Amino acid sequence: MMTPLMQQIAEAALEAGRIMKSADQEHLSTINKEGHANFVTKYDMQVQRFLMEKLAAILPEAHFVGEENGQEVFLPEYKNGFTFVIDPIDGTTNFMKAYRPSVTSIGLLKDGEPYLGVIYNPYTDQLYRAEKGLGAFENDRRITTSPVPLSDSLVSMGTAPYYGPEISRSAFEIGYWYLDKSIDIRRSGSAANDICMVASGRTGLFFEPQLGLWDYAAGAVILAEAGGQFCDMHGKPIPFTGKTSFLGVSGAIAGNGGYMPPEELMHGF
Ligand code: IPD
Ligand code: CA
Ligand code: CA
52 MMTPLMQQIA EAALEAGRIM KSADQEHLST INKEGHANFV TKYDMQVQRF
102 LMEKLAAILP EAHFVGEENG QEVFLPEYKN GFTFVIDPID GTTNFMKAYR
152 PSVTSIGLLK DGEPYLGVIY NPYTDQLYRA EKGLGAFEND RRITTSPVPL
202 SDSLVSMGTA PYYGPEISRS AFEIGYWYLD KSIDIRRSGS AANDICMVAS
252 GRTGLFFEPQ LGLWDYAAGA VILAEAGGQF CDMHGKPIPF TGKTSFLGVS
302 GAIAGNGGYM PPEELMHGF
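Its first residue numbered 52, the sequence shown is counted upward by one per residue in the working numbering.
Structural data, given as structure tokens:
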């Protein structure tokens with residue numbers, strides 16, 4: 052059973068997925084954004100426009116933070132009421148190359164706090180969703196994080212090439228640090244999907260040295276409702292206002308401790 056609010060937002064995500072799947076991937080032109088290998092396609096813009104219109108009809112009073120609409124951070128005046136945080140296509144480079152996954156991600160903050168999250172992978176028809184206090188779901192199945200220790204878990208990592216060499220080197224060094232503490236490392240190309248993989252118990256931990264609010268806002272609600280935990284990579288709480296490092300982990304690994312990477316491997320973030 053979904054609440055009426057969740058039902059409407061989930062429908063918007065499904066429709067966004069249909070737009071993604073309608074793309075003519077063989078003739079996809081891209082525009083370069085700031086930094087090395089930072090792309091946007093006309094579908095990122097089209098899905099963002101669609102979602103802003105659709106979601107504004109659902110909650111007309113809500114503010115918007117979105118990757119492709121120029122409003123990239125949470126403003127102090129958003130502290131009261133609802134704010135949608137959207138990443139129309141998370142995994143744009145995957146999308147361009149017809150490599151998977153790419154997902155659409157819709158987060159909703161209430162008074163600046165995570166409240167609701169919907170992440171949809173249209174290529175596998177997996178819809179992840181959670182509302183504060185009501186549990187997390189993959190389609191109609193309730194999900195929880197994995198019960199196994201880090202030594203029996205996959206770890207996934209993110210490494211955006213446009214944040215510069217220092218952060219990238221750190222990401223790989225930290226990935227290497229996790230390699231012999233886990234069963235292997237994965238890098239999917241979609242941070243929102245990576246967070247869902249921890250929430251649904253497929254991986255035990257995900258980290259990335261730099262994410263935008265739209266990359267983690269929806270996933271964080273889903274992960275917390277699935278029994279997982281998140282913080283920045285220095286172990287500090289995430290304020291949900293903009294860029295941060297991110298570490299999401301299963302409840303079991305969090306309970307055992309010893310999973311935070313050493314500070315001396317963190318450079319530039
Ligand atoms: C990116 C993806 C990628 C992560 C980057 C993000 P985009 O989002 O989530 O996995 O490593 O940090 O920026 O640009 O595809 O929406
Ligand atoms: Ca993204
Ligand atoms: Ca994006």
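The C-beta atom is built at its ideal place from N, Cα and C for all residues, glycine as well. Model, not experiment: these values are computed from the prediction.
With a threshold of 7 Å on Cβ separation, who are the neighbours of residue i within its own chain once the five nearest residues in sequence on each side are excluded?
| i | result |
| --- | --- |
| D191 | none |
| N145 | R151, P152, S153, G240, S241 |
| Q177 | E189, N190 |
| L230 | I236 |
| M96 | E119 |
Compute the minimum distance between the beta carbon of residue i and the heavy atoms of ligand 3, and state whether it is under 7 Å.
| i | result |
| --- | --- |
| E118 | yes |
| T143 | yes |
| D203 | no |
Over the uninterrupted alpha helix (DSSP H) stretch that includes residue i, give me the two end residues.
| i | result |
| --- | --- |
| A149 | Run containing A149: none; DSSP gives neither H nor E here. |
| R220 | 216 to 230 |
| V124 | It is not in any alpha helix (DSSP H) - V124 carries neither H nor E in the DSSP assignment. |
| D266 | 264 to 276 |
| Q59 | 55 to 72 |
| D95 | 93 to 109 |
Does the Cβ of residue i lie closer than 7 Å to at least one heavy atom of ligand 1?
| i | result |
| --- | --- |
| D138 | yes |
| D283 | no |
| E123 | no |
| A149 | no |
| T210 | yes |
| G396 | Examination of residue 396 is not possible in this model, given that the chain is present from 52 through 320 alone. |
Which residue wins for smallest C-alpha separation from residue i, given the options the options?
| i | options | result |
| --- | --- | --- |
| G142 | V116, P173, G121, K130 | P173 |
| P198 | P212, K130, P288, N307 | N307 |
| M208 | K294, P200, L167, A243 | A243 |
| A108 | M147, N83, A63 | A63 |
| T196 | T292, M71, G302 | G302 |
| G293 | G263, I137, M317 | G263 |
| I304 | D95, R69, P200 | P200 |
| V103 | S204, T92, D138, M284 | The sequence given here has Met at residue 103, not Val. Comparing Cα positions, the closest option is D138. |
| E66 | P216, Q76, F101 | F101 |
| E118 | A222, T92, I225, T175 | T92 |
| H78 | N131, E112, A149 | A149 |
| A211 | T175, T295, F135, Q76 | T295 |
| A222 | H318, Y129, D162 | H318 |
| T155 | Y171, E164, D95 | Y171 |
| G215 | G286, G299, G86 | G86 |
| V169 | I157, G163, T175 | I157 |
Near residue i, which residues of its chain fall below 6 Å by C-beta distance, leaving aside the five closest residues on each side in sequence?
| i | result |
| --- | --- |
| A187 | A181, I194, A250, I273, E276, A277 |
| I225 | P312, L316 |
| N89 | Y213 |
| Q280 | V300, A305 |
Confirm the yes/no value for this check: CB of residue i, any heavy atom of ligand 2, distance under 7 Å.
| i | result |
| --- | --- |
| A67 | no |
| A305 | no |
| A242 | yes |
| D245 | no |
Along the beta strand (DSSP E) that carries residue i, what are the first and last residues, could you check?
| i | result |
| --- | --- |
| V199 | Segment: none, V199 is in no beta strand (DSSP E) and carries neither H nor E. |
| A181 | 177 to 182 |
Can you list, in chain order, the residues of its chain whose CB lies under 8 Å from that of residue i, leaving out five sequence neighbours each side?
| i | result |
| --- | --- |
| P288 | C282 |
| F133 | L110, E112, A113, H114, L159, L160, K161, Y166 |
| W228 | P312, P313, L316 |
| Q99 | G117, E118, E119, N120, I137, P139 |
Beta-carbon of residue i versus every beta-carbon of chain B: anything under 8 Å?
| i | result |
| --- | --- |
| G252 | Here chain B cannot be found, since the structure has a single protein chain. |
Stretch pair the region 245 to 263 + the region 224 to 235: three plus CB contacts closer than 8 Å: yes
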